[in-house]
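Participant:
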Amino acid sequence: MLKIVIKDPSIETRTLKGQRGEFDVREQTGWIDMPSGERRRLRISLERGVNGYAPGSYTLDEASFEVSEYGDLKLSRQMKLTAVAAAAGVVGRSA
56 MLKIVIKDPS
66 IETRTLKGQR
76 GEFDVREQTG
86 WIDMPSGERR
96 RLRISLERGV
106 NGYAPGSYTL
116 DEASFEVSEY
126 GDLKLSRQMK
136 LTAVAAAAGV
146 VGRSA
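Numbering-wise (my numbering), the sequence shown opens with residue 56 and increments by one.
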């Protein structure tokens with residue numbers, strides 16, 4: 056099972072321009088422990104209304120996976136994490 060570690064609860068917001076105008080992308084930095092033993096940095100896109108993940112250890116939630124139109128398993132753009140450590144969790148949601 057892949058373990059993702061959140062060390063810092065900070066969220067980075069970037070404004071991008073698309074065909075329908077500007078939109079915000081909110082991301083949090085995490086670290087993933089690869090099966091090879093290597094630890095790599097990754098960005099976790101946050102859905103609207105999710106304030107971020109508290110520092111702690113997580114795994115990928117089943118909702119993070121999708122099947123493409125070609126039948127391939129792929130990772131969703133909006134990963135969802137499940138806490139492993141008791142102190143970890145989603146910091147909060149807005150209405």
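C-beta: ideal position from N, C-alpha, C; glycine also.
At what residues does the beta strand (DSSP E) containing Ser-123 begin and finish?
Facilitator: No beta strand (DSSP E) holds Ser-123; DSSP gives it neither H nor E.
Participant: Alpha carbon to alpha carbon, how far is Pro-110 from Arg-98?
Facilitator: Answer to the nearest angstrom: the Cα atoms are 14 angstroms apart.
Participant: By DSSP, does Met-134 sit in helix, in strand, or in coil?
Facilitator: Here Met-134 sits in coil by DSSP.
Participant: Buried or exposed: which applies to Leu-136, given that a residue is buried once 16 or more other Cβ atoms fall within 10 Å of its Cβ?
Facilitator: Buried, since its Cβ has 16 or more Cβ neighbours within 10 Å.
Participant: What is the C-beta distance between Arg-81 and Leu-101, in whole angstroms, given that I count them as a contact (C-beta under 8 angstroms)?
Facilitator: Yes, they are in contact, since the Cβ atoms of Arg-81 and Leu-101 sit about 4 angstroms apart, within 8 angstroms.
Participant: Would you list the one or two residues that DSSP bridges to Gly-107?
Facilitator: In the DSSP output, where bridge partners are listed per residue, Gly-107 has none listed.
Participant: Please work out which residues of its chain come closer than 8 angstroms, Cβ to Cβ, to Arg-95, disregarding the five sequence neighbours upstream and downstream, and give them in chain order.
Facilitator: So the qualifying residues of the chain are Trp-86, Ile-87 and Met-89.
Participant: Does DSSP classify Glu-67 as helix, strand or coil?
Facilitator: Strand at Glu-67.
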